[in-house]
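In this note's numbering, the protein residues as written are 17 to 325.
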Ligand SMILES: Cc1cc2nc3c(=O)[nH]c(=O)nc-3n(C[C@H](O)[C@H](O)[C@H](O)COP(=O)(O)OP(=O)(O)OC[C@H]3O[C@@H](n4cnc5c(N)ncnc54)[C@H](O)[C@@H]3O)c2cc1C
């Protein structure tokens, strides 16, 4: 493909991969304007502070539709993220970020109140609207593909967005390393990644809504629900996310052959076994079942390379 760079100069490439973020221009270019980020109704403010001595490891505080949380970065620094309801997706003036954060933290006491009072200017405050994208498959046109937040941006509530983008990259590399033509590899990539990214998006979205809908009246019920259900809900997500994104552990044999004297027992056998799968080898006596197992286990060397795994 011919690529024209805005900074000048053309280039010739076999594949173009766009990780150009939630506002992806490449997504718009490939698939039109129908996939713009959908605003959740909430935004997140991030501020870095000096870390007070004896500050807790990580703290989250709840108030109606205003949830500040504090995360240590190192011995000396911590950062706050404050999730707030932002009706109408306002475009805030960065020069007023300090005023807006202080307003949104009005009424807090303790550590949140102290940190609020220490904010003296807008410098270093970052505001991000919380928006989502779930691009329907396919994520590619020809040999141009959009990945990462450009294809599947989610709320940060299970801290997996960057993880999903990285996984996209390594799974892409894995699929391009097979004998599949590039366009088939891109189709396979989307099919493999979509359910996992959608799960992350759905779970993150639900946590965001649950957290932000707690009121003084519903607080006791919310705490009870967390105690009763959170462990199980987390386990359900972990079952999926603890599965490796890569299928490296797959046993893959290509073109395996075995001859004993003049008897050809196995002739160009291809086989793929994924972890957890159960396969049955079915055939008549003498059809080569046990020879195949012995070849897989290394007991018999293959007669003809390549037999790869
Ligand atoms: C508040 C918050 C907290 C988060 N916390 C976590 C967390 O704890 N863990 C986690 O895994 N994820 C987290 N995420 C999500 C994570 O930040 C994103 O999912 C991740 O950055 C997506 O990576 P990406 O490469 O797809 O896009 P981006 O990181 O957005 O990178 C896209 C890049 O492309 C560049 N670009 C765009 N257009 C062009 C162009 N035309 N030419 C050249 N360059 C271009 C942009 O400048 C940008 O640098 C959080 C997000 C938010 C908002």
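Glycine residues also receive a C-beta, built at the ideal position from the N, C-alpha and C atoms.
When you measure from the CB of residue i to every non-hydrogen atom of ligand 1, does any distance come out below 6 Å?
i	result
residue 4	Because the chain spans 17 through 325 in this model, residue 4 falls outside it and cannot be assessed.
residue 5	Any property of residue 5 remains undetermined from this structure, which presents the chain solely from 17 to 325.
residue 177	yes
residue 206	no
residue 35	yes
residue 165	yes
residue 181	yes
residue 41	yes
residue 172	yes
Using a beta-carbon distance below 7 Å, is residue i in contact with chain B?
i	result
residue 198	In summary, chain B is missing from the structure at hand, where a single protein chain is found.
By how many angstroms is the C-alpha of residue j removed from the C-alpha of residue i?
i	j	result
residue 269	residue 287	5 Å
residue 280	residue 203	37 Å
residue 65	residue 158	47 Å
residue 164	residue 251	25 Å
residue 119	residue 127	16 Å
residue 223	residue 173	7 Å
residue 91	residue 200	48 Å
residue 312	residue 52	49 Å
residue 325	residue 161	With a pLDDT of 48 at residue 325, under the threshold of 50, the modelled position of that residue is not reliable, and the figure given next carries that caveat. The alpha-carbon atoms of residue 325 and residue 161 are separated by roughly 29 Å.
residue 122	residue 71	21 Å
residue 35	residue 180	12 Å
residue 105	residue 57	7 Å
residue 191	residue 33	14 Å
residue 102	residue 182	30 Å
residue 55	residue 241	27 Å
Go to residue i, then tell me how far its alpha helix (DSSP H) extends in each direction, as first and last residue.
i	result
residue 211	198 to 228
residue 250	235 to 257
residue 47	41 to 47
residue 262	Segment: none, residue 262 is in no alpha helix (DSSP H) and carries neither H nor E.
residue 183	177 to 192
Leaving out five residues on either side along the sequence, give the residues of the same chain with a beta carbon under 6 Å from the beta carbon of residue i.
i	result
residue 76	85
residue 275	319
residue 213	168, 180
residue 206	153, 154, 155
Can you give me the start and stop residues for the beta strand (DSSP E) that residue i sits inside?
i	result
residue 313	Counting along the chain, residue 313 falls outside any beta strand (DSSP E), though it belongs to the alpha helix (DSSP H) covering 305 to 313.
residue 94	93 to 101
residue 171	First-last for residue 171: undefined, no H or E at that position.
residue 288	279 to 289
residue 270	267 to 276
Among residues of its own chain, excluding the 5 on either side of residue i, which ones have a beta-carbon nearer than 7 Å to its beta-carbon?
i	result
residue 143	59, 61, 108, 113
Can you name, in chain order, every residue of its own chain whose Cβ lies under 8 Å from the Cβ of residue i, other than the five neighbours on each side?
i	result
residue 322	Interpretation of residue 322 is limited by its pLDDT of 44, a score under 50 that renders its predicted location unreliable; the figure taken from the coordinates is listed afterwards. Once the five neighbours on either side are set aside, the close Cβ partners of residue 322 are 270, 271.
residue 18	26, 27, 28
residue 117	61, 63, 98, 132, 135, 141
Under 6 Å from any heavy atom of ligand 2, does the C-beta of residue i make it?
i	result
residue 60	Within the structure as shown, ligand 2 is missing, the only ligands being ligand 1.
(message) To test your reading of the DSSP string, which unbroken beta strand (DSSP E) runs of 3 or more residues are found completely within the region 106 to 152?
(response) 142 to 148
(request) Counting only runs of 3+ residues fully inside the region 20 to 90, write out the beta strand (DSSP E) ranges in chain order. (result) Whole beta strand (DSSP E) segments, 3+ residues: 26 to 28, 32 to 34, 54 to 66, 82 to 88.
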